[in-house]
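J.: The structure's right below; bear with me while I get my questions together.
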Amino acid sequence: MLFDRRPILLANARIIDPSRDLDFPGDLLIADGVIRDAKRGISAAGVPEGTEIIDCRGHVVAPGLIDMRAFVGEPGAEHRETLSSASYAAAAGGVTTIISQPDTSPAVDDPAVVDFVQRRARDTAIVHVHPMAALTKGLKGEEMSEIGLLKAAGAVAFTDGARSIVNAQVMRRVLTYARDFEALIVHHTEDPNLVGEGVMNEGEFAARLGLMGVPKAAETIMLERDLRLVALTGGRYHAASLTCAESLEVLRRAKDAGLPVTASASINHLTLNEIDIGHYRTFFKLAPPLRAEEDRKALVAALAEGLIDVVMSDHNPQDVEVKRLPFAEAAFGAVGIETMLAAGLRLVHSGDLKLPALLKAMSTRPAELLGLPGGTLRPGAPADVIVIDTDVPWILDRNELKSKCRNTPFDEARMQGRVLRTIVSGRTVYEYV
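Yeah, the sequence shown ends on 453 if you go by this note's numbering, and it's all consecutive.
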């Protein structure tokens, strides 16, 4: 439920603004849907009459998160998720902007579908929703979509979702055409021919479980091809979900060469590994698959140094009918939009990552890459703000999740830290009580 839009003063807070490398004790004033100021002593100097004053008691105040990869079922798969249910899950997880994927039914490959998503979100969602549009018509990887028209309609980037474009000529044309519109291409880097019937990371553990494996080469070969095409065309490119150390070396070479490339890692691949699958636990069946522990550590190190730009949830709700099956037959995917930040705080508490670096990868960098106004606490910016208690312990109960589906790999996990308040455009849309 949307609360009133009175001015809000978040007092006695730890202000973290990754966009300006700021981390200091102070207050933040919100009025008329925008941030008015963030500094020490605002409360002492006086605030507008009627201001709601919230004592943050030293908790973190930061920009709202921007989830750059989330499947939302509308249109066509509302039984899995709706824009409304996804937005409530997002608000509970501190996500103030959802970037929805185009693999819906129909696919988001026409300006009319982009418009439908935007209008539906305005009517039913309590957070911002911006759609990515399809790279190719029908997500078939054959015929390029109308990138210029789709961008004009409101698409913030272009992807074929969880599908890779196998045809290198099509990919070259997409990158060339997108360059002229300064459009961002987001590509899922898995060669489907190498993936084959694989259902988890290829290696000793898969062999012990008797399951078909997915080699890391399926990712690195596709990434290497794409980055050579970027060098050929000059198009802006973002790897949707990197999972292994070998891919990071490919990415590093491209960045060192000055190519316009960036990359995401999912919160699942940063905090879990293949051993978590245990005895065929299907909530851990993901695409790309969870990798070995050394790959997870390499991803975390790459995030800490800035080689990995973005952390996203890869939110992919699946219902009981397709998850409560033998591992090889179960659907890929896990919900994650509500647990992305809480899971990420594990990396902070372990000492592997600084909190400002995590928040930057979840807010500032996605905003910069997509050309969105959020991800900052600068005066005049939209008041998309979250309050976080980084220390409170709790145990996740999947039945309490706001998503329509419950396929979380973090069920009954011990967490430390959660969102206390989520503010979107100056309105409180979630408050933990």
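The beta carbon of each residue, even a glycine, is placed where N, CA and C say it ideally should be. Computed from a predicted model, the values in this text were never measured in an experiment.
Would V270 pass as a contact of E244 if the rule is Cβ separation under 8 Å?
T.: The answer is yes: Cβ separation under 8 Å.
J.: Helix, strand or coil for P14 per DSSP?
T.: In this structure the chain extends from 21 to 453, so residue 14 is not present and cannot be described.
J.: By the 10 Å Cβ neighbour count, where 16 or more other Cβ atoms means buried, how is V453 classified, buried or exposed?
T.: Its Cβ having fewer than 16 others within 10 Å, V453 is exposed.
J.: Compute the beta-carbon to beta-carbon distance between V407 and R441, rounded to the nearest angstrom, for a pair I have assumed lies under 8 Å.
T.: Their Cβ separation, rounded to whole angstroms, is 4 Å, which keeps V407 and R441 in contact under 8 Å.
J.: Mind checking who V149 pairs with in its DSSP beta bridge?
T.: BP columns for V149 point to I118.
J.: Using beta-carbon positions only, say whether P38 and S383 come within less than 8 Å of one another.
T.: Yes, they are a contact pair.
J.: Quick check on this structure: which residue in V331, P235, T291 has the alpha carbon closest to the alpha carbon of P308?
T.: Measuring from the Cα of P308, the nearest candidate turns out to be P235.
J.: Could you pull out every residue in the same chain whose Cβ sits closer than 6 Å to the Cβ of D211, ignoring the five residues on either side in sequence?
T.: Result list for D211: A238, I241, M242, in chain order.
J.: Is the segment 393 to 405 close to the segment 328 to 342, with three or more CB pairs under 8 Å?
T.: Verdict: no, contact absent.
J.: Do the segment 93 to 103 and the segment 417 to 433 make contact, defined as three or more Cβ pairs closer than 8 Å?
T.: As far as the Cβ criterion goes, the segment 93 to 103 touches the segment 417 to 433, which means the pair count is three or higher.
J.: Where does Y450 fall in DSSP's three states?
T.: Strand, per DSSP.
J.: What does a CB cutoff of less than 6 Å around Q138 pick up in its chain, not counting 5 residues either side in sequence?
T.: Counting only Cβ-Cβ distances below 6 Å, and skipping sequence neighbours, we find G174.
J.: Classify F178 as helix, strand or coil using the three-state DSSP reduction.
T.: Residue state, collapsed to three classes: strand.
J.: Roughly how many angstroms separate the alpha carbons of I119 and D130, rounded to a whole number?
T.: Between I119 and D130, the C-alpha separation is close to 17 Å.
J.: What residue from R60, K305, E217 has the CA that sits closest to G233's CA?
T.: Checking every option, the nearest Cα to that of G233 belongs to E217.
J.: Using the Cα positions of V405 and G84, report the straight-line distance between them to the nearest angstrom.
T.: Taking the straight line joining both Cα atoms gives about 5 Å.
J.: Taking only runs that begin and end inside the segment 40 to 103, name each unbroken beta strand (DSSP E) of 3 or more residues, in chain order.
T.: Entirely contained in the segment 40 to 103, the beta strand (DSSP E) runs reaching 3 residues are, in chain order, 42 to 51, 54 to 59, 72 to 75, 80 to 83, 85 to 90.
J.: Measure from the alpha carbon of V355 to the alpha carbon of each residue in D339, L378, G364, then state which is nearest.
T.: Checking every option, the nearest Cα to that of V355 belongs to D339.
J.: Between which two residues does the beta strand (DSSP E) holding S286 run?
T.: Its beta strand (DSSP E) spans residues 281 to 286.
J.: Just list the beta strand (DSSP E) runs in the segment 200 to 241, keeping only unbroken ones of 3 residues or longer that don't cross its boundaries, in chain order.
T.: Fully enclosed beta strand (DSSP E) runs of 3 or longer: 204 to 207.
J.: Looking at C-alpha atoms only, which residue of L42, L30, A312, I28 is the closest neighbour of L379?
T.: The residue with the shortest Cα to Cα distance from L379 is L42.
J.: Within this structure, are the beta carbons of A260 and V194 separated by less than 8 Å?
T.: Going by C-beta atoms, A260 is not nearer than 8 Å to V194.
J.: Per DSSP, what kind of secondary structure is D411 in: helix, strand or coil?
T.: It is a strand residue.
J.: May I ask you to report which of helix, strand or coil DSSP gives V330?
T.: Strand, per DSSP.
J.: Based on DSSP bridge pairs, tell me the residues matched to P402.
T.: Partner(s): V54.
J.: Compare the beta carbon distance of V115 and L103 with 8 Å and say whether it is the shorter of the two.
T.: No, Cβ-Cβ distance for V115 and L103 is not below 8 Å.
J.: Going by the CB atoms, is the gap between L310 and H335 shorter than 8 Å?
T.: Their beta carbons are not under 8 Å apart, which means H335 does not touch L310 by this criterion.
J.: Rounding to the nearest angstrom, what Cα-Cα distance links I55 and A154 in this structure?
T.: Near 34 Å, if we compare the C-alpha coordinates of A154 and I55.
J.: Does the distance from the C-beta atom of I50 to that of G446 stay below 8 Å?
T.: Contact: yes.
J.: Could you tell me whether any Cβ in chain B is nearer than 8 Å to the Cβ of N427?
T.: Protein chains in the displayed structure number just one, and chain B is not present.
J.: State the Cα-Cα distance for the pair T291 and P68, rounded to the nearest angstrom.
T.: In a straight line, the C-alpha of T291 is about 43 Å away from that of P68.
J.: Using 10 angstroms around the beta-carbon of G371, count the other beta-carbons present and answer buried if the total reaches 16, otherwise exposed.
T.: Exposed, because fewer than 16 other Cβ atoms sit within 10 Å of the Cβ of G371.
J.: V128 lies in the beta strand (DSSP E); which residues open and close that run?
T.: Counting along the chain, V128 falls outside any beta strand (DSSP E), and DSSP gives it neither H nor E.
J.: Looking only at its chain, what residues have a beta carbon closer than 7 Å to the beta carbon of F347, apart from the 5 residues adjacent to it on each side?
T.: V219, L231, Y300, T302, K305, listed in sequence order.
J.: Using the DSSP secondary-structure output, state which residues sit across from H258 in a beta bridge.
T.: For H258, which the question treats as bridged, DSSP gives the partners V206, T282.
J.: If the criterion is Cβ atoms closer than 8 Å, does the pair P402 and G394 meet it?
T.: Yes, the Cβ-Cβ distance between P402 and G394 is below 8 Å.
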